[in-house]
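Please read the structure below before turning to the comments.
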Amino acid sequence: MQTQINHFLATLDRSQNTVNTYRYGLQRFVLIVGEDAPLTTETYEVFLAAIKDFSPSTKQIWRSAVLGLYTFCKAGDLTEMKGITKHYTRKQGKRVVNFNRDAVKQVIEYCSRLSGDLLALRDRAFVLTLADTGLRISEACALKRGDIDWQESRAIIIGKGNKQAVIRFSNRSIQAMREYHIACASIEPATRIPLKSQPVFARHDIRASKKIKPISASGMWTAIKGDPKQGIKGRIEEAGVDRELVRVHDFRHYFVTMTYLAKGNLKLSQELARHNSIDTTSRYAHFSGEADIAYDEIFNKKK
Numbered sequence: 122m123q124t125q126i127n128h129f130l131a132t133l134d135r136s137q138n139t140v141n142t143y144r145y146g147l148q149r150f151v152l153i154v155g156e157d158a159p160l161t162t163e164t165y166e167v168f169l170a171a172i173k174d175f176s177p178s179t180k181q182i183w184r185s186a187v188l189g190l191y192t193f194c195k196a197g198d199l200t201e202m203k204g205i206t207k208h209y210t211r212k213q214g215k216r217v218v219n220f221n222r223d224a225v226k227q228v229i230e231y232c233s234r235l236s237g238d239l240l241a242l243r244d245r246a247f248v249l250t251l252a253d254t255g256l257r258i259s260e261a262c263a264l265k266r267g268d269i270d271w272q273e274s275r276a277i278i279i280g281k282g283n284k285q286a287v288i289r290f291s292n293r294s295i296q297a298m299r300e301y302h303i304a305c306a307s308i309e310p311a312t313r314i315p316l317k318s319q320p321v322f323a324r325h326d327i328r329a330s331k332k333i334k335p336i337s338a339s340g341m342w343t344a345i346k347g348d349p350k351q352g353i354k355g356r357i358e359e360a361g362v363d364r365e366l367v368r369v370h371d372f373r374h375y376f377v378t379m380t381y382l383a384k385g386n387l388k389l390s391q392e393l394a395r396h397n398s399i400d401t402t403s404r405y406a407h408f409s410g411e412a413d414i415a416y417d418e419i420f421n422k423k424k
């Protein structure tokens, strides 16, 4: 097969970058199907199935390379291959949101009781902020103190898609942040960083020393989830929860679910979650329990 690939690439009237990209895609093709595999429709389908989890752009360029090879070699049934390509490139439907709500709730309840040093106060404020605002972890880490209207308990942020949005804070998250910031006053009392420009959530590791430095999303998530390789035990494990049961986006899932359960209003939940489409918010509708109640009334005769 390698000889056929070399002849095909030699005929391409494309830029060198494109040729190199095609060559790499065809190398992956050979690795997947085997050097001696025939150029048949079945072989092509094996290849598509193997790369289904790659990014759309990667799959597209690799498909183009392989289809070009098939065309050059006059192999396979192009009509069948077109149908197979359509099957493997169709958009997947929206899936319902699935996360361990009890595990997330247990972590939130544990963190709401944290007290003592700066790390504990920061992590308490951070988890309560995630749970009660629906902020993504990167958005929370990017917050500056001046972004928050402390009297109105809200902030205007630039979120996903470079869009401006209003974020509302609960009383307990505001209180937790206030207590954390009071404790932070001793970090760098002579700092030249204006108060409004200081991060809402800061680093407190050895490398940060006694400086006010913002914490990254990965650093904050390590504090919450932990890292066994570095010997770091996170708040999730401290709460008595298996660290694999809670993912980085689950606090946002929790927020959207709770808003929908409280009001049963998808449009309101969409606004609070800042979803572009109500179709995204509708993925949470199965949490309402109305279908469960109706099912019991029909089949289990529960009134």
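All residue numbers for the sequence shown refer to our numbering, where the first residue is 122 and numbers rise by one.
We put the CB at the ideal spot given by N, CA and C, even for glycine.
Note that the structure is a prediction, hence the values are computed from the model and not measured.
Apply the 10 Å Cβ neighbour rule to THR402 and answer buried if 16 or more other Cβ atoms are within range, or exposed otherwise. buried
Mapping DSSP to helix, strand and coil, what is GLN285? strand
Using C-beta distances below 7 Å, list every residue in its chain close to LYS332, excluding the 5 sequence neighbours before and after it, in chain order. GLU309
Could you check what DSSP says for LYS317 in three-state terms: helix, strand or coil? helix
Could you work out which residue in GLY280, MET202, GLN296 and GLN148 is closest to PHE247 when comparing CA atoms only? GLN296
Start and end residues, alpha helix (DSSP H) containing ALA276: Where ALA276 is concerned, there is no enclosing alpha helix (DSSP H), although the beta strand (DSSP E) it sits in stretches over 275 to 279.
Bounding residues of the alpha helix (DSSP H) (the contiguous stretch that carries GLN181): 177 to 194
Could you give the C-beta distance for VAL225 and VAL377, rounded to a whole number, given that I count them as a contact under 8 Å? No, VAL225 and VAL377 are not in contact; Cβ-Cβ is about 12 Å, not under 8 Å.
DSSP three-state label for ILE470, please. No information on residue 470 is available, as it lies outside the stretch 122 to 424 that the chain covers here.
Throw me the rounded Cβ distance for the MET122 and TYR165 pair, which I believe falls under 8 Å. So it is not a contact: roughly 13 Å between Cβ atoms.
Short check: CB of THR343 to CB of GLY355, under 9 Å? yes
Quick one: grab the DSSP three-state call for ALA338. helix
Say whether the stretch 145 to 152 touches the stretch 176 to 184, bearing in mind that this needs 3 or more beta-carbon pairs closer than 8 Å, one atom from each stretch. yes
Out of ILE314, VAL321, LYS384 and LEU188, which has the shortest C-alpha to C-alpha gap to ILE303? VAL321
Using the rule of at least 16 other Cβ atoms within 10 Å of the residue's Cβ for burial, across every protein chain shown, is GLY267 buried or exposed? exposed
Quick one: what's got a C-beta closer than 6 Å to ILE205's C-beta in the same chain, skipping five residues either side? GLU166
Could you say if the stretch 322 to 341 and the stretch 253 to 272 meet the contact criterion of at least three C-beta pairs nearer than 8 Å? yes
Where does ILE269 land, buried or exposed, given buried means 16+ other C-beta within 10 angstroms? buried
For SER178 and THR250, which I take to be in contact (beta-carbon distance under 8 Å), what is that distance rounded to the nearest angstrom? With a Cβ gap of about 35 Å, SER178 and THR250 do not count as contacting.
Euclidean distance between Cα positions of PRO159 and LYS284: 50 Å
GLU418, enclosing alpha helix (DSSP H) - first and last residue: 411 to 420
For TYR191, which residues from the same chain have a beta carbon less than 8 Å from its beta carbon, with the 5 sequence-adjacent residues on both sides left out? LEU160, TYR165, GLY197, LEU199 and MET202
Residue ranges of each beta strand (DSSP E) run of no fewer than 3 residues wholly in the stretch 347 to 379, ordered along the chain? none
Per DSSP, ALA323 forms a beta bridge with which residues? PRO335
Assuming contact is defined by CB atoms lying nearer than 9 Å, are LEU387 and GLY410 in contact in what I supplied? no
Could you check if SER176 is buried or exposed, using at least 16 other CB atoms within 10 Å of its CB as the buried criterion? exposed
Span of the alpha helix (DSSP H) around GLY146: 137 to 154
Could you tell me if GLY282 is buried or exposed, where buried requires 16 or more neighbouring beta carbons within 10 angstroms of its beta carbon? exposed
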